[in-house]
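11 is the number of the first residue of the sequence shown in the numbering used here; add one for each residue after it.
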Amino acid sequence: DVRYMAANDDAPRGYSTRYAYSHAKYLVLDGRVALVGTDNFNLDSVPMPADTPVGGRRGAYLITDAAPVVAALQQIFDHDWQPDRLRDLTPYAPDHPRYGDPPDDFVFPEPPVYTVDAAPFTDAIAAIGPTRFTVISAPENALRPDRGLFALIEQAGPGDVIQLEQLYEHKHWGESAGNPVADANPRLEAVIAAARRGASVRILLDSFFDDGEDLRSNRATVEYVRAVAAAEGLDLEARLGNPTGGGIHMKLVLVQVGGATWSAVGSLNGGEVSHKVNREVVLLTDAAAIHTRLVEVFTWDWTQGE
Numbered sequence: 011d012v013r014y015m016a017a018n019d020d021a022p023r024g025y026s027t028r029y030a031y032s033h034a035k036y037l038v039l040d041g042r043v044a045l046v047g048t049d050n051f052n053l054d055s056v057p058m059p060a061d062t063p064v065g066g067r068r069g070a071y072l073i074t075d076a077a078p079v080v081a082a083l084q085q086i087f088d089h090d091w092q093p094d095r096l097r098d099l100t101p102y103a104p105d106h107p108r109y110g111d112p113p114d115d116f117v118f119p120e121p122p123v124y125t126v127d128a129a130p131f132t133d134a135i136a137a138i139g140p141t142r143f144t145v146i147s148a149p150e151n152a153l154r155p156d157r158g159l160f161a162l163i164e165q166a167g168p169g170d171v172i173q174l175e176q177l178y179e180h181k182h183w184g185e186s187a188g189n190p191v192a193d194a195n196p197r198l199e200a201v202i203a204a205a206r207r208g209a210s211v212r213i214l215l216d217s218f219f220d221d222g223e224d225l226r227s228n229r230a231t232v233e234y235v236r237a238v239a240a241a242e243g244l245d246l247e248a249r250l251g252n253p254t255g256g257g258i259h260m261k262l263v264l265v266q267v268g269g270a271t272w273s274a275v276g277s278l279n280g281g282e283v284s285h286k287v288n289r290e291v292v293l294l295t296d297a298a299a300i301h302t303r304l305v306e307v308f309t310w311d312w313t314q315g316e
């Protein structure tokens, strides 16, 4: 059974969906295994194998059989999948004018090609052992200051390290003509505050999709962060990058705090819509092997940024 998150034909005129975008990227397989990631299932993000290095979107997926994680994601799915109760789930039908089959003359486009010199992270890594997980979801709890990612960032101080690699991180929220004082981006300001407490903070944002003329572009964010760092003498740096040829699609936050290492991987971008009105999912884990690998990825990408 395939459904689209869109007002169905029986919905009243003007009926709105529950979320601005169903943007989460997760799977639950047979009630036993879960995948949570940053990317869509397409050839930009999941290219075909090749004998030479393959480029594409920079992203990541975590796979786990931890029963509490599987149960939490199943609960989110069950909440969203209520076709008998809600009218924003449109069933697939071949003859539907918008959500049906493509026209008879439709031809799949050629697979995208992103030329790169190296692809050093082609092999997945595995981690076995006691591990803590937190499932974060938007719009329910992604902005909670007392739990999850915000609580970890709040603890960061001298000797701690925070690394963000994001498709985008808005300089501010609210109207595009706003500013960080009147309409602060809470996540961006939280990591800047951590730098003020003595943490080392690095922010790597995508340049491939970025529109430098936009008032809330990644370039604007990088310039803002650099200005704050220079004015206050902080261990805070920001760069733009496109290390894999097809853009940074990652939504990654790495936090090393108090001797613990945490990795947050999911669909949550650095905008107000993502945190407040989208369906988003993030998996936060303290698995050391995962953190080590993702730090390696971040470091590789960071060295190619500017």
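Glycine included, C-beta positions come from ideal geometry on N, C-alpha and C.
May I ask you to list the residues that DSSP assigns as paired with residue i?
{"i": "M15", "result": "L99"}
{"i": "L250", "result": "L215"}
{"i": "G65", "result": "Its beta-bridge partners do not exist; DSSP assigns none."}
{"i": "K261", "result": "Q176"}
{"i": "T144", "result": "L294"}
{"i": "I73", "result": "L45"}
{"i": "G255", "result": "G66"}
Under the three-state reduction of DSSP, which class applies to residue i: helix, strand or coil?
{"i": "S284", "result": "helix"}
{"i": "T48", "result": "coil"}
{"i": "A299", "result": "helix"}
{"i": "H89", "result": "helix"}
{"i": "I163", "result": "helix"}
{"i": "T132", "result": "coil"}
{"i": "A82", "result": "helix"}
{"i": "E185", "result": "coil"}
{"i": "L293", "result": "strand"}
{"i": "T313", "result": "helix"}
{"i": "L37", "result": "strand"}
{"i": "V123", "result": "coil"}
{"i": "A203", "result": "helix"}
{"i": "L304", "result": "helix"}
{"i": "L198", "result": "helix"}
{"i": "V232", "result": "helix"}
{"i": "G24", "result": "coil"}
{"i": "V267", "result": "strand"}
Whose C-alpha, out of the options, is nearest the C-alpha of residue i?
{"i": "Y109", "options": "Y14, Q173 and R68", "result": "Y14"}
{"i": "R67", "options": "T27, E175 and L45", "result": "E175"}
{"i": "R97", "options": "T141, R28 and A239", "result": "R28"}
{"i": "P168", "options": "Y102, A205 and D19", "result": "A205"}
{"i": "E223", "options": "A248, S186, D170 and N195", "result": "S186"}
{"i": "D94", "options": "V238, E150 and A21", "result": "A21"}
{"i": "P119", "options": "L53, N279, W183 and L45", "result": "L53"}
Under 8 angstroms between the Cβ atoms of residue i and residue j?
{"i": "V191", "j": "V201", "result": "no"}
{"i": "K286", "j": "T48", "result": "no"}
{"i": "V265", "j": "I146", "result": "no"}
Could you say if the segment 222 to 231 and the segment 266 to 276 meet the contact criterion of at least three C-beta pairs nearer than 8 angstroms? no
Validate contact between the segment 107 to 124 and the segment 254 to 266 using beta carbons, cut 8 angstroms, 3 pairs: Short answer: they touch.
Do three or more CB pairs link the segment 98 to 117 to the segment 21 to 41 at distances below 8 angstroms? yes
I want to know whether the segment 134 to 150 touches the segment 291 to 305 - three or more CB-CB distances under 8 angstroms. yes
Inter-stretch contact at 8 angstroms, needing at least 3 Cβ pairs: the segment 60 to 76 / the segment 84 to 92: no
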